[in-house]
Amino acid sequence: MRVITLTLLLLIFSSCKKATSPPNILFIVVDDLGHRDLSSTGSDFYETFNIDRIAEEGTRFTQGHSNSSVCSPSRASLLTGLYPTVHGITDWIGAKKGKEWRKMGRKTKLLPSDYEKHLPFKLTTLPEVFKSMQYKTFFAGKWHLGSKEQESLPTNHGFEINKGGYHRGGPYTGGYFSPFNNPFLEDKIQEKGMTLSMKLAQETANFIRANFDKPFFAYLSFYAVHAPIQTSKDKWLKYQKKAVDQGILDEGFKMEKRLPIRIKQDNPVYAGLIEQTDEAVGYVLNTLDSLKLDDKTIIVFVSDNGGVSSGDDYATSNLPLRGGKGYQWEAGTRIPFLIKAPNIKNTVKIVNTPVMGADLFPTLLELAGLENPYNVDGKSLVPLLKDEVFEERSLYWHYPHYGNQGGDPCAIIRNGDWKLIHYFEDGKNELYNLSMDMGETNNILNQFPQQGLDLKIDLDNWLSKTYAKIPIIDPKYNEEEEKEWLLRNKQKMKLKVEKRRAFQLDINYIPNEDWWGSKID
7 MRVITLTLLL LIFSSCKKAT SPPNILFIVV DDLGHRDLSS TGSDFYETFN
57 IDRIAEEGTR FTQGHSNSSV CSPSRASLLT GLYPTVHGIT DWIGAKKGKE
107 WRKMGRKTKL LPSDYEKHLP FKLTTLPEVF KSMQYKTFFA GKWHLGSKEQ
157 ESLPTNHGFE INKGGYHRGG PYTGGYFSPF NNPFLEDKIQ EKGMTLSMKL
207 AQETANFIRA NFDKPFFAYL SFYAVHAPIQ TSKDKWLKYQ KKAVDQGILD
257 EGFKMEKRLP IRIKQDNPVY AGLIEQTDEA VGYVLNTLDS LKLDDKTIIV
307 FVSDNGGVSS GDDYATSNLP LRGGKGYQWE AGTRIPFLIK APNIKNTVKI
357 VNTPVMGADL FPTLLELAGL ENPYNVDGKS LVPLLKDEVF EERSLYWHYP
407 HYGNQGGDPC AIIRNGDWKL IHYFEDGKNE LYNLSMDMGE TNNILNQFPQ
457 QGLDLKIDLD NWLSKTYAKI PIIDPKYNEE EEKEWLLRNK QKMKLKVEKR
507 RAFQLDINYI PNEDWWGSKI D
């Protein structure tokens, strides 16, 4: 059926009148970038002049969401247009599940559900569709949707070229400066000290130059700004001074249920890493300009989940939204969400309608003038770009796991401004109206029981329809042991992160002798 469908698309494409050549696609994903981590989305600390250009020239979706609060599920949704419950990847690939979870030592009540360990081959991906339409397809950066051993690399899912994508979720072997020690990236002597973001940008630009005269689908998936966060000394100095000038809080974290959470954007290392990534985006945009492809290229810019305010490197603050990566609240999935569609004249500049990553699959097909015979969960956003009627719908999330950042196993539904969170540990429900309480501080379920009931019925139907896996209670669970662990861990982590924050902001800060490899003698 899949082969027939792709053949059908090819016939449709070939029969179309080719008055104009098909648009190119540049799809940019920044890892763990928070919804307020851009100048154009509200940050007064980070500087993102090049990314802001996409926002200025295109459309910014203020209520853009990833399909999960962690990476692998949302990345699979971007490529397939499907919810995580449908493609089966509901946690980051490599996370412990079932009885294996006990090895983490967290004493939790539930055993997390199982999940798919690579992107299923039966699913059709965006690059496969565009490749069938004679587009050249290219991938650079973070993959985290399978391994070479599973034959689940970018080149197994429609990408003709892969630069840097494999099973790892972060730059753990080589860091953010050359040499990168990535088996799918060539380390060159003359590149020593180059940032990983710029390396990926240059590989992308080289691909674009080699294919400027034919339609291309380029997917630039930065490893930044995922932990371990690193930057150069000059970038750190710039943002350390900026943090001091803006005023440094005595304490930079408050406590959530399990871990501390950052309350101010004042991390000079993270700010430097963001600027390095912004410079890399600028390099690719300038390449399009130099080849006169700017008005022939559709650009998508998103993150794969919310910013890391807790856990990992405790890098950013997402306030006034609550939580961050791995959490059930808005900041777990609210992301920068930009589309520049030069083939649509007079596009809307700001869209406040809630949308999700899976919507980009049908959106890009429509923008490219292709029919979409695929039964996907996403919905084309082209009507919103044109300020046309867009039927309201519910959005759903399902995360039957414990986030490394402190979040709980739950399922979520959002309809308009109404949001309901169902917790699997105790069956508790929380209801929020985001127009009145964007920080999700006041559970109003008792005030609006019928609204809560209607949303819960809708959510239950969706979970059932998509065969969602539900976590089970651990028969070895001991409530007192969990309370003990929580108390001990919270006290220890709060001291640790405050000490680290103070060190990163100290004028004498030196992370290591060569600043993670950025300092070249």
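Taking our numbering, the leading residue of the sequence shown gets 7, the next gets one more, and so forth.
Ideal Cβ placement from N, Cα and C applies to all residues, glycine included.
Proximity to residue i [Cα-Cα], best of the options
| i | options | result |
| --- | --- | --- |
| residue 133 | 345, 101, 33 | 33 |
| residue 241 | 379, 201, 446, 178 | 201 |
| residue 412 | 320, 82, 138 | 320 |
| residue 149 | 264, 78, 396 | 78 |
| residue 352 | 238, 392, 302 | 392 |
| residue 453 | 482, 439, 98 | 439 |
| residue 435 | 54, 219, 154, 465 | 465 |
| residue 302 | 258, 347, 458 | 347 |
| residue 461 | 287, 418, 224 | 418 |
| residue 309 | 469, 344, 514 | 344 |
| residue 317 | 331, 280, 407, 444 | 331 |
| residue 458 | 448, 424, 490, 505 | 424 |
| residue 521 | 485, 475, 265, 238 | 238 |
| residue 206 | 232, 161, 213, 146 | 146 |
Extent of the continuous beta strand (DSSP E) to which residue i belongs
| i | result |
| --- | --- |
| residue 143 | 142-147 |
| residue 488 | Segment 485-511 is the alpha helix (DSSP H) holding residue 488; no beta strand (DSSP E) there. |
| residue 34 | 30-36 |
| residue 529 | Any answer about residue 529 is impossible in this case: the structure gives the chain only from 7 up to 527. |
| residue 427 | 424-429 |
| residue 435 | 435-439 |
| residue 190 | Looking at the DSSP string, residue 190 is not in any beta strand (DSSP E), and its letter there is neither H nor E. |
| residue 259 | 259-261 |
| residue 108 | Residue 108 -> no beta strand (DSSP E), and no H or E assigned at all. |
| residue 266 | 266-268 |
Inter-residue Cα distance where the pair is residue i and residue j
| i | j | result |
| --- | --- | --- |
| residue 437 | residue 117 | 25 Å |
| residue 404 | residue 364 | 14 Å |
| residue 478 | residue 291 | 48 Å |
| residue 249 | residue 110 | 35 Å |
| residue 52 | residue 357 | 23 Å |
| residue 395 | residue 198 | 52 Å |
| residue 121 | residue 103 | 8 Å |
| residue 337 | residue 324 | 6 Å |
| residue 516 | residue 182 | 16 Å |
| residue 495 | residue 261 | 11 Å |
| residue 306 | residue 29 | 13 Å |
| residue 273 | residue 172 | 29 Å |
| residue 488 | residue 114 | 6 Å |
| residue 225 | residue 300 | 16 Å |
| residue 170 | residue 179 | 12 Å |
Enclosing alpha helix (DSSP H) for residue i [first to last residue]
| i | result |
| --- | --- |
| residue 215 | 202-216 |
| residue 179 | Neither: residue 179 is in no alpha helix (DSSP H) and is coded neither H nor E. |
| residue 132 | 132-138 |
| residue 60 | 55-63 |
| residue 463 | 455-471 |
| residue 90 | 90-93 |
As assigned by DSSP and simplified to three states, the class of residue i
| i | result |
| --- | --- |
| residue 337 | helix |
| residue 1 | For the chain, the structure presents residues 7 to 527; residue 1 sits outside this window and is missing. |
| residue 163 | coil |
| residue 197 | helix |
| residue 403 | strand |
| residue 322 | coil |
| residue 169 | strand |
| residue 124 | coil |
| residue 389 | helix |
| residue 225 | strand |
| residue 344 | strand |
Practice item. Entirely within the stretch 282-309 and at least 3 residues each: give me those beta strand (DSSP E) ranges in chain order. Key: 303-309
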